[in-house]
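**Q**
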Amino acid sequence: MFRKFVLSLFVCVSISEIFAHSYELCDDIKPECRDGFFKVFTTEVSLSRQDEFQCVQASTISGTRSEMKEYCFQRGAQLLEIPSVMAFKNLLDHIKDDSELARHDYWIGGSDSDQEGSFLWNHGDPMPVGSPFWGDDIDEIQDPDGGRGENCVLMPKSDHHYFVDRDCSEVHKALCEEVKAPFVRIFDGPNSCLQFLTSYKATWTEAVQYCRNIPGGNLFSLYRVELMGSVVRHIKDKFSSMGSFWIDGKQRGDGHFYLLSGSILPAGTPYWGRDVDDVQDPDEPGRDNCALMSHHDFYYLADRKCNDPENEKHYFICEVTI
């Protein structure tokens, strides 16, 4: 009964906030490329609006496709997706005009690893087929033609940086693309804008690093309990049934959960749930010691392992205060 009362309380708080506040994009955060990334416009440059570009970075190291996917992630990016013919042309023009870039082959974000012959971008959108994207990789048969042994998409200099399918274990450089998930303002107080990252799953430590790569960014801090209703409602409205989200909060030796600012994240109700057992979290000090908004427990907080890439990779929420 008490559990139902707490859930009802959150519903009431959320409903009051719907009338008081609306979710809006943070126009204060202007789209701009970070240092080390270059702009690639996705339409004709003369017609492009300010936000119609991608921020692209060529890797400084080489690796397998899997290694380069992780390389991009650690820089707050993903392997490049190319959304249009004009974006492809503008990218090729940039590569051609830079003698260093033109020397290398590049992994991008396409693969048919999930279903042979069906090449998809990072998050499941179908890649274009045929001309003007795909080359023949010297054999005069237009790619993709490698069968089960060649499941990843490369832009090789030997084929003028057209798409070809290659063995994912080959070692090449990569093109990374800064992720442009929108920032939204969903509550009053300090002028905070939140970014809900659902393009990747990460460990808690990886999520902290990702958010800190955003100028002025950090993992979202639940420093006031009234923020919880707004955030939970936004998750349910926009990302229903997608999964759990890491937020700021790490346990120290004294048993308390601390925010990155040094403040203590309160224990007990109405923050923490029971997760997968009947004991209110946090319930395993020293082992499960980072804060997760658990999809399995109505987005109440749960303590989970900070660095368990096999079992504890989740979505996460970044915050920028402006």
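As numbered in mature numbering (1 follows the signal peptide of the UniProt record, and there is no 0), residues -20 to -1, 1 to 302 make up the sequence shown, in order.
Backbone N, C-alpha and C fix where the C-beta goes; we use that ideal spot for every residue, glycine too.
Only a predicted model underlies this, so the values are computations on that prediction, with no experimental measurement involved.
Kindly indicate which residue of 100, 99, 93, 142 has the alpha-carbon position closest to the one of residue 114.
**A** 142
**Q** Kindly indicate which three-state DSSP category residue 152 falls into: helix, strand or coil?
**A** strand
**Q** In the DSSP assignment, the beta strand (DSSP E) including residue 198 goes from what residue to what residue?
**A** Start and end: 197 to 199.
**Q** How many angstroms separate the CA atom of residue 285 from the CA atom of residue 225?
**A** 13 Å
**Q** Could you tell me which residues DSSP pairs with residue 238 in its beta bridges?
**A** Its beta-bridge partners are 230, 244.
**Q** How would you label residue 45, buried or exposed, when you count the other beta carbons within 10 angstroms and need 16 or more for buried?
**A** buried
**Q** With a threshold of 16 other CB atoms inside 10 Å of the CB of residue 179, please say whether the residue is buried or exposed.
**A** exposed
**Q** Would you mind working out which of 70, 287, 63, 38 sits nearest residue 183, comparing C-alpha positions?
**A** 287
**Q** Return helix, strand or coil for residue 56, following the three-state DSSP convention.
**A** coil
**Q** Under a three-way DSSP split, which group does residue -19 fall into?
**A** With a pLDDT of 39 at residue -19, under the threshold of 50, the predicted position of this residue should be treated as unreliable, and no value is reported.
**Q** Along the chain, where does the beta strand (DSSP E) containing residue 294 start, and where does it finish?
**A** 294 to 301
**Q** Pick helix, strand or coil for residue 178, following the three-state DSSP scheme.
**A** Here residue 178 sits in strand by DSSP.
**Q** Pairing CB atoms from the stretch 187 to 197 with CB atoms from the stretch 53 to 61, are three or more of them under 8 Å?
**A** In short, these stretches touch, since the Cβ pair count reaches three.
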